[in-house]
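Inspection log for the structure reproduced underneath, given as structure tokens.
Residue numbers (my numbering): 48 to 471.
Dropping the structure here:
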């Protein structure tokens, strides 16, 4: 039986191992436009966090290891790892109300088998308004035994369609990160395991003659190119894919890379940077984002001056190279530690993100912002493993009014995680 990983963490323990506040129940880009309904109906006080919904771990879902996406009406969409009708995870929707809790509806409950099992990372809107995502387990056949090797799925209304079931060989297995939608609704993603060298793959799932097919764009070797993928979605810029690998590279601390179409279905892999580990950044889990000048930004779980995680910048240099700069090193106290999130820009180019641990006596994580120019970090909220939630593993979504939304895998009324709002 294969061991499943979210990046380099065993899947059975991944939600508990990153920090000590886990749950006892364990066995992208949204088309948001116009004014936010959440803003109109009432929001958190300025500079505060409020819980919009606490999961129970039963039919509504549990362990919200998810990023969130918004639609134009201010509804939020995401996934839970467990819960639902078969306790194998859900795709959910949260509709705004004048005061919390928001109205939660389960769009789909995974059946543990053909439709998938244990979705991670959330969902991404395609151009038709469908919700696409991945499950770490489930799917039909393959070499992963009864657990299944994971699927790429699509939810339309209350109907779910597995677009591709991984086989556990050269195609990869155990995808546990959000997907990116390209031209013609091609679905791009990473799987942390499998591939020719068992170091994970970058893949594409595309439709041809009415059927969906998977192709491997790059099999990681674990060497200079890196290995095991990441928790973040790939960044699509001008037809190229940018991403990070959590391990491998010259120093074993991960890499940043670019994949470019090379014609005939082939893709060219270009290493952008090989992380060195402390005091440099090391072990990038979250995905990359870019500013208007082409600078890339991300987080690392380890590395930095204190080896407790960092925020880094990659700037284009001569001859296609990139220059790396550590913008902030987490201290592990009130500022947090071990970020696994993809960052997001707020007003005036300020970066916002979450740290999965640190912050208080519980070590249950923080919400933070970082001024790119000055390197000044400000902790906006410290999770306390209580009603406010604990352990945010994924990043934040932002509505047109500047409010931020996120989720935690633990905490809340049943210690099954929450969806929260933060108003700057």
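Cβ coordinates follow ideal geometry from the N, Cα and C atoms, glycine included.
Residues near residue 122 in its chain [Cβ-Cβ closer than 6 Å; skip 5 each side]:
In the chain shown, counting from the first residue as 1, residue 122 sits at position 75. Hits under 6 Å: 140, 142.
Any idea if residue 205 is buried or exposed, counting beta-carbon neighbours within 10 angstroms, 16 or more meaning buried?
In the chain shown, counting from the first residue as 1, residue 205 sits at position 158. Residue 205 is exposed by the Cβ-count criterion.
How would you label residue 265, buried or exposed, when you count the other beta carbons within 10 angstroms and need 16 or more for buried?
One-based indexing of the chain shown puts residue 265 at position 218. Residue 265 comes out buried.
Which residue comes first and which comes last in the beta strand (DSSP E) that contains residue 255?
Position 208 of the chain shown, counted from the start, is the residue given in the question as residue 255. Looking at the DSSP string, the run of the beta strand (DSSP E) that includes residue 255 is 248-255.
Close-in-space but distant-in-sequence residues of the same chain around residue 210 (CB under 7 Å, 5 per side omitted)
Locating residue 210 in the chain shown gives position 163, counting from the first residue. Once the five neighbours on either side are set aside, the close Cβ partners of residue 210 are 199, 200, 201, 234, 252, 259.
Spatial neighbours of residue 70 within its chain, please: CB distance less than 6 Å, with the 5 preceding and 5 following residues excluded, ordered by chain position.
The residue you call residue 70 lines up with position 23 of the chain shown. Interpretation of residue 70 is limited by its pLDDT of 32, a score under 50 that renders its predicted location unreliable; the figure taken from the coordinates is listed afterwards. 110, 457, 462, 463, listed in sequence order.
Coil, strand or helix - residue 230 by DSSP
The count along the chain shown starts at 1 and reaches residue 230 at position 183. Here residue 230 sits in helix by DSSP.
For residue 274, which three-state DSSP category applies?
As a first step, residue 274 must be located in the chain shown, where it is residue number 227. If DSSP states are grouped into helix, strand and coil, residue 274 belongs with the strands.
Along the beta strand (DSSP E) that carries residue 110, what are the first and last residues, could you check?
As a first step, residue 110 is located in the chain shown; it is residue number 63 there, counting from the start. Looking at the DSSP string, residue 110 is not in any beta strand (DSSP E), and its letter there is neither H nor E.
Please look up how many angstroms separate the CB atoms of residue 327 and residue 98, rounded, as I've assumed it's under 8 Å.
The residue given as residue 327 occupies position 280 in the chain shown. The residue given as residue 98 occupies position 51 in the chain shown. Approximately 37 Å separates the beta-carbon atoms of residue 327 and residue 98; this is outside 8 Å, ruling out the contact.
Hey, quick one: how far does the beta strand (DSSP E) through residue 372 stretch, first residue to last?
Counting from 1 along the chain shown, the entry for residue 372 is found at position 325. Run containing residue 372: 369-376, per the beta strand (DSSP E) assignment.
Which of the three DSSP states, helix, strand or coil, is assigned to residue 395?
For this step, residue 395 is matched to residue 348 along the chain shown. The answer is helix: DSSP assigns residue 395 an H, G or I state.
Proximity winner among 460, 383, 238, 94, relative to residue 424 (alpha-carbon distances):
Residue numbering aside, residue 424 sits at position 377 when the chain shown is read from its first letter. Residue 383 holds the alpha-carbon nearest to the alpha-carbon of residue 424 among 460, 383, 238, 94.
Alpha carbon of residue 107 to alpha carbon of residue 291, nearest angstrom
As a position in the chain shown, residue 107 is number 60, starting the count at 1. As a position in the chain shown, residue 291 is number 244, starting the count at 1. One C-alpha to the other measures close to 33 Å.
Roughly how many angstroms separate the alpha carbons of residue 269 and residue 331, rounded to a whole number?
Position 222 of the chain shown, counting from 1, holds the residue named residue 269. Position 284 of the chain shown, counting from 1, holds the residue named residue 331. Rounded to whole angstroms, residue 269 to residue 331 spans 14 Å at the Cα level.
Could you tell me if residue 416 is buried or exposed, where buried requires 16 or more neighbouring beta carbons within 10 angstroms of its beta carbon?
Taking the first residue of the chain shown as position 1, residue 416 is located at position 369. Buried: at least 16 other Cβ atoms inside 10 Å.
Sufficient close CB pairs (3 or more, under 8 Å) joining the region 329-346 to the region 304-311
no
Between 151, 443, 119, which lies nearest to residue 103 when the distance is taken from Cα to Cα?
In the chain shown, counting from the first residue as 1, residue 103 sits at position 56. Nearest option by C-alpha distance: 151.
Continuous beta strand (DSSP E) stretch holding residue 149: start and end
Counting from 1 along the chain shown, the entry for residue 149 is found at position 102. Premise fails: residue 149 is in no beta strand (DSSP E) and is neither H nor E.
Classify residue 429 as helix, strand or coil using the three-state DSSP reduction.
Here residue 429 refers to the residue found at position 382 of the chain shown. Strand.
To the nearest whole angstrom, what separates the beta carbons of residue 236 and residue 278, a pair I think is in contact under 8 Å?
Looking up residue 236 in the chain shown gives position 189. Looking up residue 278 in the chain shown gives position 231. Rounded, the Cβ-Cβ distance is 12 Å, inconsistent with contact.
Going by beta-carbon coordinates alone, are residue 322 and residue 301 separated by less than 8 Å?
Here residue 322 refers to the residue found at position 275 when the chain shown is read from its first residue. Here residue 301 refers to the residue found at position 254 when the chain shown is read from its first residue. Closer than 8 Å, so yes.
Range covered by the beta strand (DSSP E) that runs through residue 300:
Position 253 of the chain shown, counted from the start, is the residue given in the question as residue 300. Run containing residue 300: none; DSSP gives neither H nor E here.
Considering only C-alpha positions, which residue in the set 219, 273, 203 is nearest to residue 183?
The sequence position of residue 183 within the chain shown is 136, counting from 1. Taking only the C-alpha atoms, the option nearest residue 183 is 219.
Nearest CA to the CA of residue 361: which residue from 398, 370, 283?
Residue mapping note: residue 361 aligns to position 314 of the chain shown, counting from 1. Of the listed residues, the one whose Cα sits closest to residue 361 is 370.
Can you name, in chain order, every residue of its own chain whose Cβ lies under 6 Å from the Cβ of residue 83, other than the five neighbours on each side?
Here the question's residue 83 lines up with position 36 in the chain shown. Caution is warranted here: a pLDDT of 35 is assigned to residue 83, below 50, making its placement in the model unreliable, and no coordinate value can be reported.
Let me know the secondary structure DSSP gives residue 193 once reduced to three states.
Counting from one through the chain shown, the residue named residue 193 turns up at place 146. Residue 193 falls in the helix class under three-state DSSP.
Kindly list the residues whose CB is nearer than 6 Å to the CB of residue 161, restricted to its own chain and excluding five residues on each side of it in sequence; keep chain order.
On the chain shown, residue 161 is found 114 positions in, with the first residue counted as 1. Taken in chain order, the residues that qualify are 187.
To the nearest angstrom, how far is the alpha carbon of residue 222 from that of residue 181?
As a first step, residue 222 is located in the chain shown; it is residue number 175 there, counting from the start. As a first step, residue 181 is located in the chain shown; it is residue number 134 there, counting from the start. Approximately 6 Å between the Cα atoms of the pair.
Are the Cβ atoms of residue 138 and residue 116 separated by less than 8 Å?
As a working mapping, residue 138 is identified with position 91 in the chain shown. As a working mapping, residue 116 is identified with position 69 in the chain shown. No, the Cβ-Cβ distance between residue 138 and residue 116 is not below 8 Å.
Which residues does DSSP list as the beta-bridge partners of residue 140?
One-based indexing of the chain shown puts residue 140 at position 93. In the DSSP output, where bridge partners are listed per residue, residue 140 has 124, 152.
Helix, strand or coil: which one does DSSP assign to residue 445?
On the chain shown, residue 445 is found 398 positions in, with the first residue counted as 1. Note: residue 445 maps to strand in three-state DSSP.
Below 8 Å on the Cβ atoms is my contact criterion, and I expect residue 486 with residue 271 to pass it. Report the Cβ-Cβ distance as a whole number of Å.
Residue 486 lies beyond the range of the chain shown here (48 to 471); nothing can be said about it.
DSSP puts residue 362 in a beta bridge; with which residues?
The count along the chain shown starts at 1 and reaches residue 362 at position 315. According to DSSP, which records beta bridges pairwise, residue 362 is partnered with 370.
What residue range does the beta strand (DSSP E) around residue 262 cover?
Working through the chain shown from its first residue, we reach residue 262 at position 215. Looking at the DSSP string, the run of the beta strand (DSSP E) that includes residue 262 is 258-266.
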